[in-house]
Amino acid sequence: MRAFKKRNSINISLFGMKNILVIGATGQIGSELTMELRKRYGNEHVVAGYIKGAEPKGELKETGPSVLADVTDFDAIETAVKTYNIDTIYNLAALLSVVAESKPRLAWKIGIDGLWNVLEVARMHGCAVFTPSSIGSFGENTPHVMTPQDTIQRPRTMYGVSKVTTELLSDYYHTKYGVDTRAVRFPGIISNVTPPGGGTTDYAVDIYYAAVRGEKFVCPLKEGTLMDMMYMPDALNAAITLMEADPAGLKHRNAFNIASMSFAPETIYAAIKKYVPDFEMVYEVDPLKQSIADSWPDCMDDSCAREEWGWKPQYDLDSMTVDMLEKLRAKLNK
Ligand code: SER
26 MRAFKKRNSI
36 NISLFGMKNI
46 LVIGATGQIG
56 SELTMELRKR
66 YGNEHVVAGY
76 IKGAEPKGEL
86 KETGPSVLAD
96 VTDFDAIETA
106 VKTYNIDTIY
116 NLAALLSVVA
126 ESKPRLAWKI
136 GIDGLWNVLE
146 VARMHGCAVF
156 TPSSIGSFGE
166 NTPHVMTPQD
176 TIQRPRTMYG
186 VSKVTTELLS
196 DYYHTKYGVD
206 TRAVRFPGII
216 SNVTPPGGGT
226 TDYAVDIYYA
236 AVRGEKFVCP
246 LKEGTLMDMM
256 YMPDALNAAI
266 TLMEADPAGL
276 KHRNAFNIAS
286 MSFAPETIYA
296 AIKKYVPDFE
306 MVYEVDPLKQ
316 SIADSWPDCM
326 DDSCAREEWG
336 WKPQYDLDSM
346 TVDMLEKLRA
356 KLNK
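Residue numbering for the sequence shown follows this note's numbering, beginning at 26 and increasing consecutively.
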């Protein structure tokens, strides 16, 4: 450990290297973010923080350090930060929107009590913190088309309540204590490595697995349900680019609208059917998912992110579909 710390401190002073802790490193975003950060900053500089029962496996485990870092355990987070000389924390621990409705107390404990632990450790040890917000931070009375950066946020889901609180608490730690907190409001994230679980936007991932497996897809949302979505490479790039941005350019911090595509179920179905002609989809609406989706924006205005730190997505629905189908065919041997 001593050698690790020494090597890092030399790197920090000579090359401006970072030492990063990813909390939630085995989740949907964390598993890919950790690998992307290791590519950019060096394997030994990015520590995969996990919880019991969700230990890192495969390349995540083999390529770099990992540590037990349950966000609800202040001592565990502080020990990880001290041990690895951490200066930047990506805090991805959260329950997604649907599962949070059945476990609201746990969603709060992870999302807010956990965030408090992270922010306190960051304040004491001088770390920058990224804790994502979401399209879920908006509610029914938010303008749904081109949702502005600064607008009404009165969500009625526990997921949304915890995300709005995340934004406020993160800004509070910045203005009161000078902690370098920054974040984006992620749309639904589409990926092919680790599946999401318990979210309203999960259907846009599940639909690709069904298409590649040759199964009929049962869509839980009705035709015309528009939501912002984003391909994982763009989401990772957003998080890292924002954390690297010159703070002088940031008028906002927690959290920036980012957008790349907005679609309804029939549109993603048509995009996949172009490449999988016999693919079939039927609708079987889940009332909880539908009511959550209906309360979220149809599409967000991300001009502040574009202006303040140069946000620019690479993927649209068609290029994402081509890549998702290719990657999933290889992964599922289809
Ligand atoms: N993907 C999340 C969910 O569906 C929204 O950010 O819960």
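Note that beta-carbon positions come from the ideal geometry of N, C-alpha and C, so glycine has one too.
| Asked | Found |
| --- | --- |
| Got a sec? Which residues, its chain only, sit under 6 Å from Asn44 by beta carbon, not counting five neighbours each side? | Asn33, His70, Tyr109, Asn110, Ile111 and Asp112 |
| So what's Val123 in DSSP terms, helix, strand or just coil? | helix |
| Going along the chain, which residues of its own chain have a beta-carbon closer than 7 Å to the beta-carbon of Val106, five neighbours each way excluded? | Leu46, Val146, His150 and Cys152 |
| With respect to 8 Å, is the separation between the Cβ of Gly164 and the closest non-hydrogen atom of the ligand SER below this value? | no |
| Let's test the definition: count the other Cβ atoms within 10 Å of the Cβ of Leu357 and tell me whether it reaches 16, buried, or not, exposed. | exposed |
| Looking only at its own chain, which residues have a Cβ that is under 8 Å from the Cβ of Asp196, when we skip the five neighbours before and after it? | Thr206, Arg278 and Asn279 |
| With a threshold of 16 other CB atoms inside 10 Å of the CB of Val307, please say whether the residue is buried or exposed. | exposed |
| Which residue comes first and which comes last in the alpha helix (DSSP H) that contains Asp231? | Tyr228 to Arg238 |
| Go ahead and pull the three-state DSSP assignment for Ala289. | coil |
| Hey, quick one: how far does the alpha helix (DSSP H) through Ala101 stretch, first residue to last? | Phe99 to Thr108 |
| In whole angstroms, give me the CA-to-CA distance for Gln339 and Ser287. | 14 Å |
| Buried or exposed: where does Gly89 fall if 16 or more other Cβ atoms within 10 Å of its Cβ makes it buried? | buried |
| Do Glu126 and Ser13 count as a contact pair if the criterion is CB distance below 9 Å? | The question about residue 13 has no answer here: the residues shown for the chain are numbered 26 through 359. |
| When the Cα atoms are used, what is the spatial distance from Ile76 to Asp95? | 5 Å |
| When you get a sec, list the residues whose CB is within less than 5 Å of any heavy atom of the ligand SER, chain order please. | Leu121, Ser122, Ser159, Gly161, Gly213, Gly224, Thr225 and Thr226 |
| Since Leu360 and Val310 should fall inside the 8 Å C-beta cutoff, what is the C-beta to C-beta distance between them, to a whole number of angstroms? | Since the displayed the chain opens at 26 and closes at 359, residue 360 lies outside it and no answer follows. |
| Do you know how far the Cα of Gly185 is from the Cα of Ser162? | 4 Å |
| Is it buried or exposed, Tyr314, if we count other Cβ atoms within 10 angstroms and call 16 or more buried? | It is worth fixing the name first, because residue 314 is Lys in this sequence and not Tyr. Flag for Lys314 reads buried. |
| Going by C-alpha to C-alpha distance, which of Val154, Lys128, Gly164 and Val301 sits closest to Arg238? | Val301 |
| Would you be able to state if there are at least three C-beta pairs under 8 Å between the segment 56 to 63 and the segment 209 to 220? | yes |
| Are the beta-carbon atoms belonging to Cys244 and Pro312 less than 9 Å from one another? | no |
| Please name the residue or residues paired with Ile48 in a DSSP beta bridge. | Gly74 and Asn116 |
| Specify the secondary structure class of Arg354 as computed by DSSP and reduced to three states. | helix |
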